[in-house]
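Everything on this sheet refers to the single structure shown next.
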Amino acid sequence: MPVGFVIAADWTLRTSVRAELLEVGIQALGMESAEDAGRALASGKLPALVVLEATAGLADNPAILNLVARVPTVLIASRAETLSLPPAAAMIYRLVRIGQIVGTVQRLVRQGHAA
812 MPVGFVIAAD WTLRTSVRAE LLEVGIQALG MESAEDAGRA LASGKLPALV
862 VLEATAGLAD NPAILNLVAR VPTVLIASRA ETLSLPPAAA MIYRLVRIGQ
912 IVGTVQRLVR QGHAA
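Quick look at the structure:
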């Protein structure tokens with residue numbers, strides 16, 4: 812079962828995506844911050860994919876940028892927020908449905924972007 816990190820300050824986004832990914836066979840770990848992701852990495856959890864809420868403090872954090880550069884990432888971004896976004900395997904703009912995020916993750920896993 813692939814491991815995914817769901818990194819989002821918005822707890823409703825984080826928990827909803829995590830729950831749906833678990834239902835489709837992806838061990839999704841919910842995280843609120845770069846520090847949470849760092850602790851998971853330090854404990855040996857290596858993600859096959861990342862779902863990242865692209866907000867200030869997350870998408871511009873050097874540790875998150877390093878992770879996104881190495882792991883296929885689905886960015887959830889706002890068209891209203893002006894933020895330099897890192898390159899990602901997929902980008903979805905808000906307003907978004909949880910099913911759209913999960914479908915994108917499943918497509919990446921099927922295509923072999925996240926083993």
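Under the numbering used here, the residues of the sequence shown are numbered 812 to 926, in order.
Each residue gets a CB set at the ideal place from its N, CA and C atoms; glycine is no exception.
Taking only the alpha-carbon atoms, compute the straight-line gap between residue 857 and residue 837 and give it to the nearest angstrom. The count along the sequence shown starts at 1 and reaches residue 857 at position 46. The count along the sequence shown starts at 1 and reaches residue 837 at position 26. Going by the C-alpha atoms only, they are around 13 Å apart.
Secondary structure at residue 828, three-state DSSP: helix, strand or coil? Position 17 of the sequence shown, counting from 1, holds the residue named residue 828. Helix at residue 828.
Starting from residue 814, follow the beta strand (DSSP E) in both directions and report where the run begins and ends. Residue numbering aside, residue 814 sits at position 3 when the sequence shown is read from its first letter. Looking at the DSSP string, the run of the beta strand (DSSP E) that includes residue 814 is 814-818.
How would you label residue 868, buried or exposed, when you count the other beta carbons within 10 angstroms and need 16 or more for buried? As a position in the sequence shown, residue 868 is number 57, starting the count at 1. Residue 868 should be labelled exposed.
Give the DSSP bridge partners of residue 838, in chain order. In the sequence shown, the residue the question calls residue 838 occupies position 27. Note: residue 838 sits in a beta bridge opposite 814.
Return the bridge partner residues of residue 886 from the DSSP annotation. By 1-based counting over the sequence shown, the position of residue 886 is 75. According to DSSP, which records beta bridges pairwise, residue 886 is partnered with 863 and 902.
Cβ shell of residue 903 (< 8 Å), same chain only, five flanking positions each side left out: The residue labelled residue 903 in the question sits at position 92 within the sequence shown. Result list for residue 903: 885, 886, 887, 888, 911, 912 and 915, in chain order.
Comparing C-alpha positions only, which one of 893, 850 and 891 sits nearest to residue 878? For this step, residue 878 is matched to residue 67 along the sequence shown. Comparing Cα positions, the closest option is 850.
In angstroms, rounded to a whole number, what distance separates the CA positions of residue 872 and residue 907? The residue labelled residue 872 in the question sits at position 61 within the sequence shown. The residue labelled residue 907 in the question sits at position 96 within the sequence shown. One C-alpha to the other measures close to 23 Å.
Is residue 847 helix, strand or coil when you go by DSSP? Indexing the sequence shown from 1 puts residue 847 at position 36. Three-state result, residue 847: helix.
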